[in-house]
Structures are given as C-alpha cells and as structure tokens.
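Protein chains in written order, with our numbering: chain A, -17 to 242; chain B, -17 to 242.
Contents: one structure, followed by commentary.
Protein chains: 2
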Amino acid sequence: MVKIFRAKAMLTSQRKQHILAILQRDGQVIAKAVSQELALSEDTIRRDLRELAAEGLLQRVHGGALPASPAVADFASRNHIAADGKARIGRAAAQMIGDGQIAIVDGGTTAVQLTRQLPASLHATIVTHSPSVAVELALHPHVEVILIGGRLFKHSVVTMGTAALAALAHIRADLFFMGVTGVHAQAGLSTGDLEEAHMKRALMQHASETIVLASAEKIGAASAYVIAPLAEASGIITETTIGDAQLAPLRGAGIVITQV
Amino acid sequence: MVKIFRAKAMLTSQRKQHILAILQRDGQVIAKAVSQELALSEDTIRRDLRELAAEGLLQRVHGGALPASPAVADFASRNHIAADGKARIGRAAAQMIGDGQIAIVDGGTTAVQLTRQLPASLHATIVTHSPSVAVELALHPHVEVILIGGRLFKHSVVTMGTAALAALAHIRADLFFMGVTGVHAQAGLSTGDLEEAHMKRALMQHASETIVLASAEKIGAASAYVIAPLAEASGIITETTIGDAQLAPLRGAGIVITQV
DNA sequence: AGGTATCGTGCAATTTCGTGCATGGTCAAG
DNA sequence: CTTGACCATGCACGAAATTGCACGATACCT
C-alpha cells in the first residue's frame, strides 16, 4: 500500500463546503487560488462554482465567486448580517422581486432588512405603509416608492385607517411581503392588534401573492387577532433553526415553505 | 480614511462594489484616485465607471462620477451642515405649536429638528409628507401623526404627486412649517424642484398660517421655482447671524421675522 | 486661445470560461 | 470475478472577458 502524501482525499461535497467556508471567511473566492490550495485543476473548481451558483449559494463572477447576497456591504458587516436570521429572511425575500414588478412591503424590522438587501440594479416599484421602509428606500437608485399615507400607528410605525385603505384602493401589486406575530396551523396568520390585522388583510387583497416573513419564534405561535387562514398565503420564509416537527403541521395548506 | 490595501486579488465585480462604496462614503469618485489606490490603469476604472453608469448606479462626470440619485450624498451631508442653527430654528418652531392644534410639517433636516424638540407633554396633531418626520414622531408619546402618502420624491425624501394632493384635500391645519431654499424680497419663496414647489404651495393652502424655516444661507437667495410671494407667509424663522441689511428688504410684507 | 487632463475607441496580450472528450475509479448486478 | 453504468477529474480547444496601451477627440482650466 502506497502512502498518500497528498492531503486526504476530499469528497466533492466536502470540497464545496470548503469553498463556501472560504466565501464566508474572505467574502470572496478566487478559482485559481482554490485550485492551487487543493491541488486540483481549475476546471474542477469552476464546475463546483457553477453548481453552487445554480443552487443559489453564491454568485459566480469572472475569476471566482462572491456571496449570493447582492447587498452592497463590506466583508465585516456582511458577515454580521449573514449571522442574523431576520436579515437572511430579508435577503431571501429581496431576491424574489424581479425587474418591473410591484411589491408591497409591510412594516417591521424584517421588512427593513428586506429593503436594505434589494439589489442596487433592481428596477421595481415598492409600495409600503411603513415610513421606515420609505426612508430606507430613498437611498436606492432605481426603485419607485409609493407610500401609503394615513394615521400613524406608533407601535408598529405604519400607517393605517380609512385614509390608508383609500390610498390602497388604486393599487394592484404582484407580491406582498407580510410580517406577522403568529403562524399556526389552525389559528392561521395572526397579529397583536385588531386594526393592524384588518390592514394586513386589505394589503393581502391587493396583491396577487402574499409571502409571510416569519422569524423562528413566530412559528407555531398564535396572537389575538387573526389576519387570514394559512392557505391564503402563497409562501412562508423562515429560519433553518425550525425543526421539521414544527413545520409539519403547516404543510398541506399549499404553501411553499422556504428556510434560510 | 487611510485604507490599508493588501496586494490581494480583487475580482472585477468586487472592484465595482468598491467604487460604489467610495461613492456612498464620499459622495464622489475620482477615477485617477481609484486607479492609484487599486494599482490599476485609469482605463480599467473608467471602463467600470462607464458600465456602472450604464446600469444607472452612478452618474458619469468628467474626472470621475457622482451619485445617480442626488439623495444619497445630499441627505447625509446636509445633516452635518449648520446643525446648530437648524436645531435652534427647529426649537423655536416647535414652541409655536400649542395643545390641540394641527400643524403641517414639511420635509428636510430643519423639520426633523423641529420634531425632535416638540415638548413631550404636547398634545397636538402633526401632518407631514416626510417619512423621516413620521419616523421621528413615532417616538413622541402624545402627538397624533397623519402621514400624507404618494410617490416618494427621493431627493427630498417627501411624498408628492396627485395621490399626495388628494390625501391633503381633507385636511385643514392651523400651521404649516415650510422649508425653502430661497427667500428673496422680489422672487419670493422658492425651491429647486418644480413639483416640489407645487406641493409646498398646496400645503400652504391647507393651513391658516405658513411659517418659513430658513437657515442663514437661504436669506436673499432665489431658486429656480417659485412657491409663492413673500407676503403669503405669516412668519419667517431664521438665524441671528443674518445682518439687518439683508433682512431689511424682506420687511414691509407684513411678515413676522424671528431670529434665533 | 492654448495647454492639460480626460475621454472613447480600436487593438493586442493575457486570463478565464464553457464544452467535448478521455481517463481512472467506484459500485452493483450478472 | 467480470462487466457495464456512472461519476469525478483532467486536458484540449475555441470563445469570451479583462486589462493595458496607443491615438485621436473632447472637455476643462488659466
């Protein structure tokens, strides 16, 4: 038996993990450097990069790869953002918006994360009843921002009331990214304020699809006021920390559950 | 500001992000400076700038580039300029609002200062078309906030357009605190954007009294678009650094000039 | 008006990319 | 044990991208 002096054989999937680790650590991957480090041809690395890009785990660029997040940030803050669950949810949501689409964005911290991670090159229209979201988006070079006016509900920092409903009447959106405080198989989607529940339901009715943004603690919870049954949403974006046991009751409602 | 640059490979797309980061930080990009910092030819940088400009992410100018949307650099830098004077103006304006009154607050940095200095005990209604003002006021314990919705004009971070005018139709306020970029005896009150001028005029018409908030550099200046003649305002709040020689032409229009 | 800096374009050298194909290894059915 | 399917890998080659340089045109400054 000949002893192998080369580094221990590395399975393909291990190598891909290694590439992702480099990406996490450095914020970049250079195909040539990896091929030298692992003593493999650049072809192999390029193939890996291509496949990882196809899975959406990174963004392929000439010479190597960058994080999938199109967010403009220095490495340090990007790593910090990547660690935060709400930011990951926001990023996943941001990537669902395509050029030319009209999306309604709810209030809340997750929604603000969403706006921060919209690609700078995106040309879309964002409708929101959250002044915080509007202020964030004022920095974006291309998105058109429509602010729903009305009486400000200070607790959530969003506008509500009849004026808001009236302003909404003229709007028909492709997507609605909704924040909730409870996602429960029987109780459905719920929140802690009655008027807020009405407002969210109205927003749902003015969008073709509703995507629920639910960080880990919301899954399986139910709040006082019901917005709508689970089945009326098209998708839920939540965290990977949620076990399948908790998600199982939510399936079967025809909802796409995305974990990030 | 001194950047330690490791001689580490930089992918093309990263370089573009770097350029955008410089733009965000400094409000400008100088092609030559970037080429030296990154040890690349100016040609390469100019090519990048051209491509970024084609994507609409910046505005190409001779020698470098500027933000595509003037909102970015503007709002950030304006926040630091003459903070003292604007804060004093804001405080004086805040003290003019009495319990039970309804006041319209314009956009701009001075207006944000106003909201920060509203007494915590004040019970009043604030109407605004600035999401920044709304976010500030969400922290106030007693003021009712009405947000005028509409299309967001990013440069000033206020809503405008027909939707905003429609929302305004139902409102009758006691006071309107207006920001301007020019206060001139003959040219009157003016600002740098046509639609903004229309919006401000509409706001004036929905308030019994209009108080102009004009920091020192605005006095005696005239911008491209006229909002209204001087006499249609009830008062002006400006700084004590303004000499009487500059104020003299403004008197006689029946306006109360307050210096703080 | 003249000088200087910057710009855009064409071109060549180099690097990187994608694809087709050959090689070697693993695994399971025969 | 053999054979064939399958897969990962490396190599070859043409295509595409990136970069720096040259050159004439243009814009800015004094």
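Cβ atoms here follow ideal geometry from the backbone N, Cα and C, with glycine treated the same way.
Mind listing the chain A neighbours of residue i? Cutoff is C-beta to C-beta under 8 Å, in chain order.
i       : result
I130(B) : G131
L39(B)  : A102, S103, P123
Check whether the Cβ atoms of residue i and residue j sit closer than 8 Å, and answer yes or no.
i        : j        : result
F159(B)  : D88(B)   : yes
A167(A)  : I209(A)  : no
I239(B)  : M78(B)   : no
T173(B)  : I201(B)  : no
A50(B)   : P123(A)  : yes
A35(A)   : R42(A)   : yes
G131(B)  : L129(A)  : yes
L157(B)  : E191(B)  : yes
L(-7)(A) : L40(A)   : no
A169(A)  : A204(A)  : yes
T223(B)  : A198(B)  : yes
L195(A)  : A75(A)   : yes
Q10(A)   : Q(-4)(B) : yes
By DSSP, does residue i sit in helix, in strand, or in coil?
i        : result
R233(B)  : coil
A215(A)  : coil
Q18(A)   : helix
E126(B)  : strand
S114(A)  : helix
E199(A)  : helix
L100(B)  : coil
R154(B)  : coil
A13(A)   : helix
H166(A)  : strand
T144(A)  : helix
E33(A)   : helix
I193(B)  : strand
A210(A)  : strand
G89(B)   : coil
V238(B)  : strand
S(-5)(B) : helix
T107(B)  : strand
V94(A)   : helix
L2(A)    : helix
Please report how far the alpha carbon of residue i lies from the alpha carbon of residue j, in whole angstroms.
i       : j       : result
L22(B)  : A189(A) : 48 Å
V16(A)  : I71(A)  : 30 Å
I86(A)  : M181(B) : 25 Å
S216(B) : A151(B) : 22 Å
G236(A) : A213(A) : 6 Å
G67(A)  : D30(A)  : 26 Å
T141(A) : A93(B)  : 20 Å
Q241(B) : A106(A) : 45 Å
A146(A) : S138(A) : 15 Å
V125(A) : L20(A)  : 43 Å
V162(A) : L48(A)  : 32 Å
T97(A)  : I108(B) : 27 Å
I12(B)  : Q83(A)  : 35 Å
How should residue i be labelled, buried or exposed, when 16 other C-beta atoms within 10 angstroms of its C-beta is the threshold for buried?
i         : result
Q95(B)    : buried
E245(A)   : Only positions -17 to 242 of chain A appear in this structure, which leaves residue 245(A) out of reach.
P113(B)   : buried
R154(A)   : exposed
G90(B)    : buried
T144(B)   : exposed
A(-1)(A)  : Position check: residue -1(A) holds Gln in this sequence, whereas Ala was assumed. Result: exposed.
I(-14)(A) : Only weak support is given to the placement of I(-14)(A): the predicted model assigns it a pLDDT of 28, under 50, and the value that follows is read from those uncertain coordinates. With fewer than 16 Cβ atoms within 10 Å of its Cβ, I(-14)(A) is classed as exposed.
T110(B)   : buried
G46(B)    : buried
L100(B)   : buried
G164(A)   : buried
R7(B)     : exposed
Chain A partners of residue i, CB-CB under 7 Å?
i        : result
A50(B)   : P123
Q10(B)   : The contacting residues do not exist; Q10(B) stays about 15 Å from chain A at best.
V139(B)  : V117, A120
Q77(B)   : Simply none; closest approach about 23 Å.
Q(-4)(B) : Q10, L48
Can you pull the chain B neighbours of residue i, defined as C-beta to C-beta under 7 Å?
i       : result
P113(A) : P113, A116, V117, L129
Could you name the residues of chain A that residue i contacts, counting a contact when the two beta carbons are closer than 9 Å?
i       : result
A149(B) : G131, G132, A145, A148, A149
K136(B) : L119, A120, L121, H122, P123, V127
L20(B)  : Under the 9 Å cutoff, chain A gives no residues; its nearest Cβ is about 15 Å from L20(B).
Does the Cβ of residue i lie closer than 7 Å to at least one heavy atom of the ligand GDP?
i      : result
G90(B) : Although the ligand GDP was asked about, the structure shown includes no ligands whatsoever.
Find the residues of chain B that neighbour residue i, judging by a C-beta separation of less than 8 Å, and give them in chain order.
i      : result
H44(A) : L(-7), T(-6), S(-5)
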